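With the UniProt record's numbering, the residue at position 29 of the sequence shown is 29, and numbering never jumps.
Backbone N, C-alpha and C fix where the C-beta goes; we use that ideal spot for every residue, glycine too.
Quick caveat: nothing in here was measured; it's all calculated off a predicted structure.
What follows is a single structure, written as structure tokens, with notes after it.
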Amino acid sequence: MQLLGRLEIKSKKKIQEFLDSEHVGRIASIDEKGFPQIIPMNFVFLNDAIYMHSHTRGEKLENVRRNQKVGFEVDRELEFLPSYFEDPNDASLADTLYISVVIKGAGSIVDDKDEKTLALNGLMKKYQPEGHYEPIKPDMEVLDEVAIIKIVPDSIR
């Protein structure tokens, strides 16, 4: 996890806390013409993997099926620092302080119903922590109506 430019936080606990607190991450995959495609997604970090839900068809799913190498990024802007803090005339000194997590890893489409259930319940717990819903079970038909993308990190920074 990067904090304030070059300061890098390597604590797994701090990275988990940051990912738990943020609601939007961006998956980067390679399209059929070799161009990067970046899509904002809801996500949950469970068991050392990123999980996202999606429709059962779409370009990002095809990208992951074709090439498992993906990136995933989450950031939070902390503060914009105007250039005049350093020098009243040098615009190049303007900067932004931020926290970010950048993941490189292998993406896949989850087929296992137990793992899909784990991911969907994890997403519900994160985005609707107050409850008021019936937990998803492996035998529910809804599992056939949604795709789960999983990213297993090779690196996290």
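- In the same chain as Ile50, and ignoring 5 residues on each side of it, the C-beta atoms closer than 6 angstroms to its own belong to Phe43, Phe72, Ile151, in chain order.
- In the DSSP assignment, Gly122 falls outside any beta strand (DSSP E) and lies within the alpha helix (DSSP H) extending over 113-127.
- The C-alpha of Asp90 is placed about 13 angstroms away from the C-alpha of Leu81.
- Nearest Cα to Glu62 within the set Ser108, His132, Asp139: Ser108.
- Here Ile99 is buried, its C-beta having at least 16 other C-beta atoms within 10 Å.
- Straight through space, the alpha carbons of Lys13 and Ser29 are spaced by roughly 27 angstroms.
- Taken atom to atom, the span from the alpha-carbon of Asp95 to that of Val142 is near 46 angstroms.
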